[in-house]
């Protein structure tokens, strides 16, 4: 990874930790955050059911943070021993080790994975590519994801389709960009997740309004793509 980009990312993560407003905004105490998570996890469950097969196979989460997505996979029935995560943030990797010690974590860059060719069946890239502002680094991460992927495996990308004017540290991806990053693959994509600022504002009406609003196409903020080698 470009050294300047790596340093920028680490500084962004440090700033996020110190930003009390962002921490409140992302808290699971907010009903909108819980609704967004439930919708995403339900879609992820469907994809895993279609791609994992009868015997659970290794999953790698690039940009795993503190391990929350992998923990969700465990609640879906995947053994902890086949769940792997990498992240460039030492603080979050330490948290992941403490919270889920049976899973496997490494402090590593997505563009230089400490795994062999064809070693995992499913690769997750959840709001990772949009955090990378240097295209060459995005491309390097995509190549590494393809390198470690088994021939019958899949890469699952969940990421922003709109830019956030309040957050200059991320850049959305359109489908054309995703296709360009993963040449020689077949993409199956859909949109989901109600625009986060709107979802978080629903309060006590979340349970009633979220399912209705989340069906309106232009209010869906993210792509969810299953990417498989041809």
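In this note's numbering, the protein residues as written are 22 to 251. Don't be surprised by glycine CBs; every beta carbon is placed ideally from N, CA and C.
* Mind checking whether residue 82 and residue 106 have CB atoms under 8 Å apart? -> yes
* Looking at the structure shown, is residue 121 part of a helix, part of a strand, or coil, going by DSSP? -> coil
* To do: Look at the alpha carbon of residue 132 and the alpha carbon of residue 188, and state the distance between them as a whole number of angstroms.
  => If you draw a straight line from the Cα of residue 132 to the Cα of residue 188, it is about 24 Å long.
* Buried or exposed for residue 44, please, with buried defined as at least 16 other CB atoms from any protein chain shown within 10 angstroms of its CB. => For residue 44, the number of other beta carbons within 10 angstroms of its own is below 16, and it is reported as exposed.
* Is it true that the region 240-247 meets the region 211-220, where meeting means three or more beta-carbon pairs spaced less than 8 Å apart? -> As far as the Cβ criterion goes, the region 240-247 touches the region 211-220, which means the pair count is three or higher.
* Please state whether DSSP places residue 215 in a helix, a strand or coil. => strand
* Limits of the unbroken beta strand (DSSP E) element including residue 148 -> Element bounds for residue 148: n/a, residue is neither H nor E.
* Local conformation of residue 232 per DSSP, three classes -> Here residue 232 sits in helix by DSSP.
* Beta-carbon contacts of residue 49 that lie in its chain and below 8 Å, excluding the five residues immediately before and after -> 55, 58
* **Among 190, 227, 183, 209, nearest to residue 251 - alpha-carbon criterion** => 209
* Hey, would you say residue 126 sits closer than 8 Å to residue 88, going by beta carbons? -> yes
* Evaluate residue 120 with the Cβ neighbour count: other Cβ atoms within 10 Å of its Cβ, from every protein chain shown; 16 or more gives buried, anything less gives exposed. => Counting the other CB atoms within 10 Å of its CB gives residue 120 a total below 16, which places it among the exposed residues.
* **Spatial neighbours of residue 19 in its chain, beta-carbon cut-off 8 Å, leaving aside the 5 residues before and after** => Only positions 22 to 251 of the chain appear in the structure, and residue 19 is not among them; the question remains open.
* Asked: Just to confirm, are residue 224 and residue 25 a CB contact at a threshold of 8 Å?
  -> It is not a contact, given that the beta carbons lie outside the stated cut-off.
* Inter-residue spacing [alpha-carbon to alpha-carbon] between residue 65 and residue 230 -> 22 Å
* **Three-way DSSP call (helix, strand, coil) for residue 171 in this model** => strand
* Over what stretch of residues does the beta strand (DSSP E) that includes residue 80 continue unbroken? -> 80-83
* **Residues near residue 141 in its chain [Cβ-Cβ closer than 8 Å; skip 5 each side]** => 78, 79, 80, 81, 105, 169, 170, 171, 174
* residue 193 vs residue 151 beta-carbon contact at 8 Å -> Taking the C-beta atoms as reference points, residue 151 is found nearer than 8 Å to residue 193.
* To do: Can you tell me which of the three DSSP states residue 250 falls into?
  => The DSSP-derived three-state label of residue 250 is strand.
* Where does residue 176 sit, in a helix, a strand or coil, going by DSSP? -> In the structure shown, residue 176 sits in a strand (DSSP, three-state: E or B).
* Asked: Under three-state DSSP, which class holds residue 165?
  -> helix
* Anticipated Cβ contact below 8 Å, residue 191 with residue 84, distance rounded -> About 12 Å; that fails the 8 Å criterion.
* To do: Return yes when the Cβ of residue 147 is within less than 8 Å of the Cβ of residue 90, no when it is not.
  => Yes, Cβ-Cβ distance for residue 90 and residue 147 is below 8 Å.
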